[in-house]
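Scroll down for the structure; my scribbles are underneath it.
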Amino acid sequence: MTVQTWELRAAFAAALSRMYGTEVPAYTTLVEVSTAVNRDCATDGRLGSLDRVTAERHGAIRVGSPAELADVANLFAAFGMYPVGFYNLREAASPVPVVSTAFRPIDAEELDCNPFRVFTSMLATEDARFFSPDLRDRVQRFLGQRQLFDPALIAQARRIAADGCPDGDAEDFVHRCTAAFALSRTPIDKAWYDELSAVSAVAADIAGVATTHINHLTPRVLDIDELYRRMTARGITMIDAIQGPPATDGPPVLLRQTSFRALAEPRTFRNPDGTVFDGSLRVRFGEVEARGVALTRAGRERYDTAMTDQEHWDRYFPGTDIEMAAQGLAYYRGGDPTKPVVYEDFLPASAAGIFRSNLDRDAEPAAADDHTDYSLDWMAGAISHHIHDPYDLYEKAAS
Ligand code: OOG
Ligand code: NI
307 MTVQTWELRA AFAAALSRMY GTEVPAYTTL VEVSTAVNRD CATDGRLGSL DRVTAERHGA
367 IRVGSPAELA DVANLFAAFG MYPVGFYNLR EAASPVPVVS TAFRPIDAEE LDCNPFRVFT
427 SMLATEDARF FSPDLRDRVQ RFLGQRQLFD PALIAQARRI AADGCPDGDA EDFVHRCTAA
487 FALSRTPIDK AWYDELSAVS AVAADIAGVA TTHINHLTPR VLDIDELYRR MTARGITMID
547 AIQGPPATDG PPVLLRQTSF RALAEPRTFR NPDGTVFDGS LRVRFGEVEA RGVALTRAGR
607 ERYDTAMTDQ EHWDRYFPGT DIEMAAQGLA YYRGGDPTKP VVYEDFLPAS AAGIFRSNLD
667 RDAEPAAADD HTDYSLDWMA GAISHHIHDP YDLYEKAAS
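Following the numbering used here, the numbering of the sequence shown begins with 307 at its first residue and continues without gaps.
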């Protein structure tokens, strides 16, 4: 007998959540407050049942090379999580040297059973605005020598993606996959980490250490304004703003996110002379999200304009789902305005904002020309997986 894919995915999400809770204790507070907000929030269940919303998480991980991203794609495919969308965060108002995709379930039933998704970023080492040829070569050499995943684990993931996971193998497989994302205790080469930090804090987080780790694990709440108030009342410093659309009386759209500042976590470092010392790093933070209805291409265009003029939101978006549906701005199952299709993806401006807001400071990119060809097609080729277009998936969900 084989395990259902969604059960394997739910077990993986739960195991990562347990591990991350032991690594970042403030995460547990965030989950408690989120759970309480959801319980206290009257919900009609149209954007997901209370159980689904309260169990829902997205993770964020960062890798260094196309080969590492390909391994991640193969690993996540075993859990029924496939790449959706291409995010070029180098194009953001304040650029971050990564390109990203989100691994997630793509069918409505799979999403209903367990919607676990992981926003996955790859360091754009070819971007000359961040990496000189010399540094790029050294980063690529460093990345080429490390191994994030045991090749036997990736081979097993490929077998599971093709044939399913035998009952007896599930526990061990989930355990080994989870462990691959644990924070490493190996001392960090201080000089190398600092050299990369001078280019970009994200570059240091990715290529300054020998493994990858969960950067954050994000619970979903039904009322993010209330969550923000309650976390602040508990004395937890949140970033200045909620990213994404403003609070409105009308139907919630797309995705709203906020986070608390990255906490100093103890890490060990190694000096050039080989001596080891204790220090700390601030790279992991607690994020929370609220999800609304998925917008059509027309709705998304309108959203992008509205975001430049947030005080006048109601000039761009009507106040009811009925009007949203009638104007073709958002997706509803069978066109029925009482059945919104939930937005399952991310927003590039918010993602760049989330990356940024948690850096104490970051270097400005150099004025070099960017001759890279990172794109959705490039990424799909590099990982040998089709990258789904989110709009195709929403069309299908709405039909
Ligand atoms: C990813 C930042 C983006 C989101 O929710 O938009 C993100 C990262 O910090 O690695 O997680
Ligand atoms: Ni996130």
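Built from N, CA and C at the ideal position, the CB exists for glycine as well.
Mind checking which residues open and close the beta strand (DSSP E) that includes residue i?
| i | result |
| --- | --- |
| Q446 | Counting along the chain, Q446 falls outside any beta strand (DSSP E), though it belongs to the alpha helix (DSSP H) covering 439 to 451. |
| F392 | 388 to 394 |
| F436 | Unbroken run through F436: none, as it is neither H nor E. |
| M325 | Unbroken run through M325 is the alpha helix (DSSP H), 311 to 329; no beta strand (DSSP E). |
| M307 | Counting along the chain, M307 falls outside any beta strand (DSSP E), and DSSP gives it neither H nor E. |
| R573 | 571 to 576 |
| D584 | 582 to 587 |
| I367 | 363 to 369 |
| Q462 | It is not in any beta strand (DSSP E) - Q462 instead sits in the alpha helix (DSSP H) that spans 457 to 469. |
| L699 | First-last for L699: 696 to 704, but that is the alpha helix (DSSP H), not the beta strand (DSSP E). |
When you measure from the CB of residue i to every non-hydrogen atom of ligand 1, does any distance come out below 6 Å?
| i | result |
| --- | --- |
| R482 | no |
| I530 | no |
| A510 | no |
| A458 | no |
| F448 | no |
| S681 | no |
| N394 | no |
| F661 | yes |
| A657 | yes |
| F652 | yes |
| N521 | yes |
Could you tell me if the beta carbon of residue i falls within a distance shorter than 6 Å of some heavy atom in ligand 2?
| i | result |
| --- | --- |
| E593 | yes |
| T574 | no |
| F318 | no |
| T524 | yes |
| F425 | yes |
| A366 | yes |
Taking residue i as part of the alpha helix (DSSP H), name the residues at either end of that continuous run.
| i | result |
| --- | --- |
| I512 | 507 to 513 |
| R482 | 476 to 485 |
| E374 | 372 to 383 |
| E593 | Where E593 is concerned, there is no enclosing alpha helix (DSSP H), although the beta strand (DSSP E) it sits in stretches over 592 to 597. |
| G659 | 654 to 663 |
| A414 | 414 to 419 |
| M685 | 682 to 689 |
| T518 | Neither: T518 is in no alpha helix (DSSP H) and is coded neither H nor E. |
Excluding five sequence neighbours on each side, which residues of the same chain lie with their C-beta closer than 8 Å to the C-beta of residue i?
| i | result |
| --- | --- |
| Y637 | V599, A600, L601, T602, P646, V647, Y700, E701, A703, A704 |
| Y622 | R608, Y609, T611, A612, D615 |
With distances taken between CB atoms, is the gap from residue i to residue j smaller than 7 Å?
| i | j | result |
| --- | --- | --- |
| P643 | A631 | yes |
| G391 | D676 | no |
| G592 | Y333 | yes |
| F425 | A384 | no |
| I530 | I542 | no |
| V343 | V559 | no |
| W312 | E477 | no |
| L459 | R491 | no |
| E654 | P401 | A small fix is needed here, since residue 654 is Pro in this sequence, not Glu. Cβ distance not < 7 Å, so P654 and P401 don't count as in contact. |
| V375 | I689 | The displayed chain sequence assigns Leu, not Val, to residue 375. Cβ atoms of L375 and I689: closer than 7 Å. |
| V337 | P578 | no |
| L322 | T484 | yes |
| E397 | T678 | no |
| A317 | N420 | no |
CB-CB under 7 Å to residue i, same chain, minus the five flanking residues each way: which ones, in chain order?
| i | result |
| --- | --- |
| A604 | G634, L635 |
| F448 | A513 |
| P472 | T308 |
| W619 | P552, T554, A612 |
| R464 | N380 |
| D584 | P572, T574 |
| S340 | P525, V527, L533, V594 |
Since residue i and residue j are thought to touch, with beta carbons under 8 Å apart, how far apart are those beta carbons, to the nearest angstrom?
| i | j | result |
| --- | --- | --- |
| Q563 | E595 | 5 Å |
| S503 | A510 | 4 Å |
| R590 | A570 | The Cβ separation is near 10 Å, so there is no contact. |
| A368 | N521 | The question names Ala, but residue 368 in the sequence shown is Arg. Contact flag correct, Cβ pair sits at about 6 Å. |
| M387 | P372 | Not a contact, Cβ separation roughly 18 Å. |
| F455 | A319 | With 8 Å as the limit, F455 and A319 do not qualify as a contact, their Cβ atoms being about 18 Å apart. |
| Y680 | N394 | 6 Å |
| V405 | A430 | 6 Å |
| F436 | V505 | 5 Å |
| R597 | L561 | 6 Å |
| G550 | S663 | Incorrect: roughly 13 Å between the Cβ atoms, too far for contact. |
| V508 | F661 | 6 Å |
| A516 | R452 | 5 Å |
| V480 | L353 | Incorrect: roughly 28 Å between the Cβ atoms, too far for contact. |
Note down, in chain order, each residue of its chain lying with its Cβ closer than 6 Å to the Cβ of residue i, except the 5 sequence neighbours on either side.
| i | result |
| --- | --- |
| V582 | P493, T574, R576 |
| V330 | R590 |
| T518 | I367, V369, L454 |
| G470 | T308 |
| E362 | P421, R526 |
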